[in-house]
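**Q** Pasting in a structure now, in structure tokens, and then I'll have a few things to ask.
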Amino acid sequence: MSEAVHNPFAGSDFETKKLRKENRVKGFMLLASLVLIVPILVIIGYLIYKASPVLSWDYIWGDPGPLGKSGGIWLPLIGTFYLVVVSLILVAPIGILAGVYLNEYAPNNWFTRAINMAVTSLAGVPSIVHALFGVGCFVLTFKMGESLIAAACTIAVMTIPVIVTATREALASVPQSFRDACWNMGATKWQTIRTIVLPNSISGILTGIILEISRAAGETAPILFTGATAAVAINTSDLGTKLMPYDLDDRFMALSYHLHVVAEKISGMPEEMKYGTAAVLIGLILVVNSFSISLRLYLRTRKKW
Amino acid sequence: MSTHIDFLDVSVFYGAHKALDEVTLSVERNEIFGIVGPANSGKTTLLKAINRTIDLVTGTKVVGEVSIDGQNVNSIKNVNSLRRRVGMVFPLPVGLPLSIYENVAYGPRRAGMHDPEKLDEIVERCLKQSVLWDEVKDRLDSLGTKLSGGQQQRLTLARALSLEPEILCLDEFSIAIDPVTTMKIENVLVELKKDMTIILVTNLIQQAHRISDHVMFLNDSQIVEMGDTQQMFSSPKQELTKKYLSGEMG
Numbered sequence: 324m325s326e327a328v329h330n331p332f333a334g335s336d337f338e339t340k341k342l343r344k345e346n347r348v349k350g351f352m353l354l355a356s357l358v359l360i361v362p363i364l365v366i367i368g369y370l371i372y373k374a375s376p377v378l379s380w381d382y383i384w385g386d387p388g389p390l391g392k393s394g395g396i397w398l399p400l401i402g403t404f405y406l407v408v409v410s411l412i413l414v415a416p417i418g419i420l421a422g423v424y425l426n427e428y429a430p431n432n433w434f435t436r437a438i439n440m441a442v443t444s445l446a447g448v449p450s451i452v453h454a455l456f457g458v459g460c461f462v463l464t465f466k467m468g469e470s471l472i473a474a475a476c477t478i479a480v481m482t483i484p485v486i487v488t489a490t491r492e493a494l495a496s497v498p499q500s501f502r503d504a505c506w507n508m509g510a511t512k513w514q515t516i517r518t519i520v521l522p523n524s525i526s527g528i529l530t531g532i533i534l535e536i537s538r539a540a541g542e543t544a545p546i547l548f549t550g551a552t553a554a555v556a557i558n559t560s561d562l563g564t565k566l567m568p569y570d571l572d573d574r575f576m577a578l579s580y581h582l583h584v585v586a587e588k589i590s591g592m593p594e595e596m597k598y599g600t601a602a603v604l605i606g607l608i609l610v611v612n613s614f615s616i617s618l619r620l621y622l623r624t625r626k627k628w
Numbered sequence: 006m007s008t009h010i011d012f013l014d015v016s017v018f019y020g021a022h023k024a025l026d027e028v029t030l031s032v033e034r035n036e037i038f039g040i041v042g043p044a045n046s047g048k049t050t051l052l053k054a055i056n057r058t059i060d061l062v063t064g065t066k067v068v069g070e071v072s073i074d075g076q077n078v079n080s081i082k083n084v085n086s087l088r089r090r091v092g093m094v095f096p097l098p099v100g101l102p103l104s105i106y107e108n109v110a111y112g113p114r115r116a117g118m119h120d121p122e123k124l125d126e127i128v129e130r131c132l133k134q135s136v137l138w139d140e141v142k143d144r145l146d147s148l149g150t151k152l153s154g155g156q157q158q159r160l161t162l163a164r165a166l167s168l169e170p171e172i173l174c175l176d177e178f179s180i181a182i183d184p185v186t187t188m189k190i191e192n193v194l195v196e197l198k199k200d201m202t203i204i205l206v207t208n209l210i211q212q213a214h215r216i217s218d219h220v221m222f223l224n225d226s227q228i229v230e231m232g233d234t235q236q237m238f239s240s241p242k243q244e245l246t247k248k249y250l251s252g253e254m255g
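From first to last, the protein sequence lines are chains E and Y. Add 323 to the 1-based position in the first sequence for my numbering, that's all there is to it. Add 5 to the 1-based position in the second sequence for my numbering, that's all there is to it.
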């Protein structure tokens, strides 16, 4: 270099320094994000590795053998599935209606604030307390007995605060200007909600609800005393019984409780049966999650504004 | 001509802030009433007081009397029927997340109109009046929200016309619309005033000069001057009006 060429775009010292800082900060954040996914990968990888001797179609489709030491996982799997479905049917209407009221109608007064506080507090109640409430309320007082419906009611009560919150968030994502435009044309609030607000948020609401309930159904405590059982005497030789083994007032098997039993209660349990149950449980939750996520992604491409 | 809309000592408070200060005015039937004034002078608030959408803003208080055809708007039990009679176009264009056709048919449908032929008629008439028809007639089923800003603004105007309002309030309707189209819409407005009373809030002083019959100058929540358009533009009584109209205020 004979002569330093003047570069008009060369950064000042300050510009160089702030660029370096930008890269450093970005690096830290990337690192934190990587740390985040390590446990997930380790858990899933380890489970699949340990469960691999039993994981097969026969394991998923087969009924558990004596004490769960052999055989498959079908009855607990379908039990958890029905638990989710029944809870969903119970909680979705109440959660959605309450969420719509709180977001669209409720005036800002002490009553609304009290409801909001109740919702927040309810979300903080531990699941074992919900379980005891379920026993007292549904099993004993309403005389449902230990049954699928009592467990589903308990799950429903447990998830309602999160669902109200999810509903409100989905509704709040619809721009206020749409509501103003409708009101200016003499549409009532309900007409506006029915024609504009709900159609553009219902998918977000449902996604949130499915996600929340499947998460709750993976818990053991709420179903421990309300309807889950370690074994059921059901003859599943015909397909109808196989697909619908439980009535609403039957006790049922569920994956989370099954895991609790095979992992802790029975001695001499083959390792792979424990890990197999855990793998199927986490697999079920992952399937539901990816269903929710793909629904959300699909709807994002169809976003109307 | 008879008076259509009356404001009698109307003040509007947003909490402690006074957005409109003892405004008294009357708008005659079938005229274009222009309102000019700087930002924050209370123009939009005044419009919202007419169809009572101001009630939807929390913490507002309206004092005084707004009346249409001598009837106090606060005494109207069914506020939705009032809002159907008053068409509103606000400066930010809002295409509803529906097809172009459904955007215009929205108001009539909510008012209980379900005859497909009549709806077709309304949609065509309103889109023509808002000078949007030629641009969208071949794609009425595409989304209204995907139109350009200026097109959405004309869609908003079409929607406001869909209920055949007796009063049409336009709040800076032309900020995103090109001058040629603006002129076309202005011509339509002059036609429309045969059927309705139009209140035109505008930042384009020349627009008020061109098409309004009376003009009001609002500043700082108060009326500075109000009167016949020609007279006010040629010989304003107040010094402030003169400065504002000639672009020298501030």
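Where a beta carbon is used, it is the ideal one built from N, C-alpha and C, also for glycine. Please read these numbers as outputs of a predicted model, since none were measured by experiment.
(1) Just the Cα atoms here: how many angstroms apart are Tyr372(E) and His581(E)?
(2) Any beta carbon of chain E sitting closer than 8 Å to that of Leu85(Y)?
(3) Going by other Cβ atoms of all chains shown within 10 Å of its Cβ, with 16 needed for buried, is Asn558(E) buried or exposed?
(4) DSSP three-state label for Thr49(Y), please.
(5) So, are the CB atoms of Asn108(Y) and Gly149(Y) less than 8 Å apart?
(6) Using a Cβ-Cβ cut-off of less than 9 Å, list which residues of the segment 381-411 of chain E approach chain Y; keep chain order.
(7) DSSP three-state call for Met324(E): helix, strand or coil?
(8) Let me know if Gly350(E) comes out buried or exposed under the rule of 16 or more other beta-carbons within 10 Å of its beta-carbon.
(9) Taking Cβ positions only, does Trp628(E) come closer than 8 Å to chain Y?
(10) To the nearest whole angstrom, what separates the beta carbons of Ser179(Y) and Leu209(Y), a pair I think is in contact under 8 Å?
(11) Which of the three DSSP states is assigned to Met576(E) in this structure?
(12) Using the DSSP secondary-structure output, state which residues sit across from Ile396(E) in a beta bridge.
(13) By DSSP, does Ala539(E) sit in helix, in strand, or in coil?
(14) For chain Y, find out if any of its Cβ atoms is closer than 8 Å to the Cβ of Gln499(E); answer yes or no.
(15) Quick one: give me the first and last residue of the alpha helix (DSSP H) that Leu197(Y) is part of.
(16) Cβ of Arg115(Y) less than 8 Å from any chain E Cβ?
(17) Going straight from the alpha carbon of Asn426(E) to that of Arg491(E), what length do you get?
(18) Give me the chain E residues within the contact set of Met93(Y), using Cβ-Cβ distance strictly less than 7 Å, ordered along the chain.
(19) Can you grab the Cα-Cα spacing for the pair Glu253(Y) / Ala429(E), in whole Å?
(20) Residues of chain E with CB under 8 Å from Tyr111(Y), in chain order?
(21) To the nearest angstrom, report how far apart Ile367(E) and Glu595(E) are at their CA atoms.
(22) On a CA-only basis, which of Arg90(Y), Thr29(Y) and Gln211(Y) is nearest Arg164(Y)? Give me that one, please.
(23) Got a sec? Which residues, its chain only, sit under 6 Å from Pro399(E) by beta carbon, not counting five neighbours each side?
(24) Does any CB atom of chain E fall closer than 8 Å to the CB of Asn56(Y)?
(25) So is Met68(Y) buried or exposed if we call it buried at 16+ other beta carbons inside 10 Å?
(26) Which whole-angstrom value describes the C-beta separation of Leu194(Y) and Ile37(Y), a residue pair presumed to lie in contact below a C-beta threshold of 8 Å?
(27) Using a Cβ-Cβ cutoff of 7 Å, what residues of the segment 521-539 of chain E are near chain Y? List them in chain order.
(28) On the three-state DSSP scale, how would you describe Leu445(E)?
(29) For Phe461(E), is the classification buried or exposed, using 16 other Cβ atoms within 10 angstroms of its Cβ as the cut-off for buried?
(30) Nearest by alpha-carbon distance to Asn45(Y): which of Asp120(Y), Lys23(Y) and Asn192(Y) is it?
(31) Strictly below 8 Å CB to CB, what residues from chain E border Thr150(Y)?
(32) Would Met324(E) count as contacting chain Y if we go by Cβ distances under 8 Å?
(33) If the cut-off is 7 Å on Cβ atoms, which residues from the segment 58-69 of chain Y count as contacting chain E, listed in chain order?
(34) Just to confirm before moving on: does the CB-CB distance between Ala116(Y) and Leu166(Y) stay below 8 Å?
(35) Fully enclosed by the segment 57-130 of chain Y, which alpha helix (DSSP H) runs are 4 residues long or longer?
(36) In chain Y, which residues lie with their C-beta within 8 Å of the C-beta of Asn431(E)?
**A** Let me lay it out:
(1) 20 Å
(2) First, the residue type needs correcting, since residue 85(Y) is Asn and not Leu in the sequence shown. For Asn85(Y), the answer is yes, since a Cβ of chain E falls inside 8 Å of its Cβ.
(3) When all chains shown are included, Asn558(E) counts as exposed.
(4) Note: Thr49(Y) maps to helix in three-state DSSP.
(5) yes
(6) Listed by position along the chain: nothing, the set is empty.
(7) With a pLDDT of 49 at Met324(E), under the threshold of 50, the modelled position of this residue cannot be trusted; read the value that follows with caution. Secondary structure of Met324(E) (DSSP, three-state): coil.
(8) exposed
(9) yes
(10) 7 Å
(11) Met576(E) sits in coil when the DSSP states are folded into three classes, being neither helix nor strand.
(12) DSSP, once it has assigned bridges, lists no residue as partnering Ile396(E).
(13) helix
(14) With 8 Å as the cut-off, Gln499(E) does not count as an interface residue toward chain Y.
(15) Residue range Pro184 to Leu197 is occupied by the alpha helix (DSSP H) that includes Leu197(Y).
(16) yes
(17) 6 Å
(18) Asn507
(19) 47 Å
(20) Cys505, Met508, Ala510 and Thr518
(21) Cα-Cα distance, rounded: 14 Å.
(22) Minimum Cα distance to Arg164(Y) is reached at Arg90(Y).
(23) Met576, Ala577, Leu578 and His581
(24) Among the CB atoms of chain E, one or more fall inside 8 Å of the CB of Asn56(Y).
(25) Sequence inspection shows Val at residue 68(Y); the Met mentioned does not correspond to that position. Exposed.
(26) About 6 Å separates the two Cβ atoms, so the contact holds.
(27) Taking 7 Å as the Cβ-Cβ cut-off, the segment 521-539 of chain E approaches chain Y at Asn523, given in chain order.
(28) Secondary structure at Leu445(E): helix, using DSSP grouped into helix, strand and coil.
(29) buried
(30) Lys23(Y)
(31) Lys627 and Trp628
(32) Low local confidence applies: a pLDDT of 49 at Met324(E) is under 50, so the model's placement there is unreliable, with the coordinate-based value given in what follows. For Met324(E), the answer is no, since every Cβ of chain Y falls outside 8 Å of its Cβ.
(33) Thr58, Leu61 and Thr63
(34) no
(35) Listed in chain order, the complete alpha helix (DSSP H) runs (minimum 4 residues) inside the segment 57-130 of chain Y are 84-90 and 105-115.
(36) Thr63
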